[in-house]
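Under our numbering, residue 373 is the last one in the sequence shown; the count climbs by one each step, no gaps.
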Amino acid sequence: MAETQMGVCLLAHTQLSMEFIEQLFKDDAIPSDLLESMAEYTSGQAAALTAIRSCYSPNKPSEIVAKEGERYFGSKATDGKAGTETDRLIRLIVASGHTSTLEHLTFTFAIEGVSRALLAQLTRHRVGFSFSVQSQRYVRMGTSDKTGGFDYVLPESIKEKPAGKAFFETAMRDAQEHYDVLREIGIPPEDARAVLPNAAACNLVLTANLRSLLDFYSKRRKGMGAQHEITVLAERLKSAVVGVEPWAEQLFEKGYV
117 MAETQMGVCL LAHTQLSMEF IEQLFKDDAI PSDLLESMAE YTSGQAAALT AIRSCYSPNK
177 PSEIVAKEGE RYFGSKATDG KAGTETDRLI RLIVASGHTS TLEHLTFTFA IEGVSRALLA
237 QLTRHRVGFS FSVQSQRYVR MGTSDKTGGF DYVLPESIKE KPAGKAFFET AMRDAQEHYD
297 VLREIGIPPE DARAVLPNAA ACNLVLTANL RSLLDFYSKR RKGMGAQHEI TVLAERLKSA
357 VVGVEPWAEQ LFEKGYV
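Here it is, written out as structure tokens:
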């Protein structure tokens, strides 16, 4: 049993398929200017452009990047803001509320060392979110089990007060002892877990689309009244998304969610 820290790792995210890329290069159909600009855009941008323009273009979805990419990726934004015409188009679509087109971009995260209290809050975001959570029923949390006991998350407000921290740590040790005793007298893990606290740490895999992540961030970012731990998670998820799709940072800003 020990205090633990949050970990967030991006496992996977939207990537263009080899079939699409091969079709894109078929018969040297791509204009030379687009070839030069291709290094500047991401798979997510290509997917977003394809989804958005599919709603308004006479071209087939498989043709949009090849036939319209030069216009959108090869030109500076005409709204006077940063980026290319693709960025302008995405800003326009988001401002108009047509954000369903962003649901085609997905991100999968490995999230570790968060409290069950955070998990309860996180799972309230159901639309566009998929969860696979470490089970306290099947993963045994006894001192003599492989886990060595349950880890826990120490809230910042308690960490700042030595007396509070000492009392909290005593409560964690008591919970572990009670769990161990229940297991020793034959209580199954699924029932013994009832004495484990909200602070008990858990791990999960989360997959969410970009639209849902933007909505999550707008509600759980710092300054919106959310609990500290989940505000940290909101920033970590945002950072992971922006790390692979830098253009998406503008969408997390106030006014785009």
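We put the beta carbon where it would ideally sit given N, CA and C, even for glycine.
If you measure between the beta carbons of R299 and A308, is that distance less than 8 Å? yes
Status (buried if at least 16 other CB within 10 Å, exposed otherwise) for G196: exposed
Apply the 10 Å Cβ neighbour rule to E369 and answer buried if 16 or more other Cβ atoms are within range, or exposed otherwise. exposed
Ends of the alpha helix (DSSP H) at I346? 344 to 360
For H294, which residues does DSSP report across the bridge? H294 is bridged by DSSP to nothing; it lacks a bridge partner.
Between which two residues does the beta strand (DSSP E) harbouring V230 extend? 222 to 231
Rounded C-alpha distance that separates E186 from E201: 10 Å
Is there contact here, the segment 261 to 273 with the segment 350 to 365, by at least three beta-carbon pairs under 8 Å? The answer is no - the segment 350 to 365 does not touch the segment 261 to 273, with fewer than three Cβ pairs under 8 Å.
Leaving out the 5 sequence neighbours to the left and right, which residues in its chain are closer than 6 Å to L326 when beta-carbon positions are compared? L218, L221
May I have the straight-line CA-CA distance separating F245 from A128, to the nearest angstrom? 15 Å
Name the two residues that bound the continuous alpha helix (DSSP H) containing A128. Here A128 belongs to no alpha helix (DSSP H); instead the beta strand (DSSP E) covers 123 to 129.
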